[in-house]
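In full-length UniProt numbering, the protein residues as written are 1 to 222.
Note that CB positions come from ideal geometry on N, CA and C, so glycine has one too.
All values derive from a computational prediction rather than experimental measurement.
Heads up: the structure comes next, in structure tokens.
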Amino acid sequence: MHGRFLGYLIVFEKNKKMDKVDYLVLEYGATVAALEILKKSKDERALDRLESDFVHDLIFSEDMTEQNAAERALFLKFDPAAPHIIVTIDIDDFSDYLRKSQVSSEVDIQILKQKLFYTAHKKLSDSHLKFVSSRRSDKIVFIIEVGESYDLTPIKDIFEELRDHIARNFQDITVSVGISSSCMSVEHIPKGYGETEKAIKIGRILGGRNKVTCFDELGVYQ
């Protein structure tokens, strides 16, 4: 439909050979099913845009409050009253990678970034974390719900596994990851994002690229 492949329709003729009317009914049913798939796809894309804009505003808006966040988070997996940590994934030397690789068109670049985003998103979903996410430029940002008393180690392990998966499955691409300290309210989220940026920067200086660095582990480098 509209140049998109949406699936197969398979018919088994057992006791009766299909006639013209049967084919018309099948064609109508297939069209209805295709329209429902397209509608769901559009709804999901709209929700993705809503989530991405929400994450951007949580980080960069100066007037975001818990009440504002609660009103906008009705359809998202986000509890503004809960503590959160921020995680930023940054592609290492992406401009240098583009110069050396066969990826040149803007379409191919966006497809590559989207594949990275879906890979990271799936890893967190499979790990049963509650989060909202956004893809901005060469970065992927996650805001992850945690308890007031939480263990950072398993979260760091998840992102180290993700980092290793990307290095194995995306040719010549590595990522650096920064993990913030706990943000006890939405007002603290911009500060938490800044911590992830600093963690990535210091992590690259101390250990090079392809590292997962927690802000709480920086010690005197904070």
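Per DSSP, what kind of secondary structure is residue i in: helix, strand or coil?
i                 : result
isoleucine 173    : coil
arginine 45       : helix
glycine 192       : helix
threonine 88      : strand
lysine 198        : helix
phenylalanine 159 : helix
valine 212        : strand
lysine 20         : helix
valine 220        : helix
glycine 3         : Reliability fails at glycine 3, whose pLDDT of 48 lies under 50, so the model's placement of it is uncertain and the value that follows must be treated cautiously. Looking at glycine 3 - three-state DSSP - the assignment turns out to be coil, as it is neither helix nor strand.
glutamate 148     : coil
isoleucine 59     : helix
What is the rounded straight-line gap between the Cα of residue i and the Cα of residue j?
i             : j                 : result
residue 237   : isoleucine 10     : This structure cannot speak to residue 237, because the chain is shown only from 1 to 222.
glutamate 62  : glutamate 148     : 25 Å
histidine 165 : leucine 76        : 27 Å
alanine 120   : phenylalanine 170 : 12 Å
glycine 219   : leucine 47        : 39 Å
arginine 49   : valine 21         : 42 Å
proline 83    : lysine 14         : 59 Å
leucine 26    : aspartate 93      : 52 Å
tyrosine 23   : lysine 16         : 13 Å
aspartate 108 : lysine 115        : 11 Å
leucine 124   : glutamate 51      : 16 Å
tyrosine 221  : phenylalanine 117 : 29 Å
glutamate 197 : serine 137        : 14 Å
Please classify residue i as buried or exposed, where buried requires at least 16 other C-beta atoms within 10 Å of its C-beta.
i             : result
glycine 192   : buried
glycine 3     : No answer about glycine 3 holds up, because its pLDDT of 48 lies below 50 and its placement is not dependable.
lysine 211    : buried
threonine 65  : exposed
alanine 81    : exposed
arginine 215  : Reading the sequence as shown, one finds phenylalanine at residue 215 and not arginine. Looking at its Cβ environment, which holds 16 or more other Cβ atoms inside 10 Å, phenylalanine 215 is buried.
isoleucine 86 : buried
threonine 153 : exposed
tyrosine 163  : Looking at the sequence shown, residue 163 is not tyrosine but arginine. By the neighbour-count rule (16 or more Cβ atoms within 10 Å), arginine 163 is buried.
If you follow the beta strand (DSSP E) that residue i is part of, which residue opens it and which one closes it?
i                : result
phenylalanine 75 : No beta strand (DSSP E) holds phenylalanine 75; DSSP gives it neither H nor E.
lysine 14        : Careful: lysine 14 lies outside any beta strand (DSSP E) and carries neither H nor E.
Select from the options the residue whose C-alpha is nearest the C-alpha of residue i.
i             : options                        : result
histidine 188 : Ala69, Arg168, Ile140, Arg136  : Ala69
isoleucine 91 : Ser180, Leu129, Val141, Lys123 : Val141
arginine 99   : Arg209, Glu197, Phe12, Ile173  : Ile173
serine 127    : Ile144, Gln114, Leu112, Asp138 : Ile144
Determine the extent of the alpha helix (DSSP H) in which residue i is found, giving its start and end residues.
i          : result
valine 107 : 106-126
lysine 100 : 94-100
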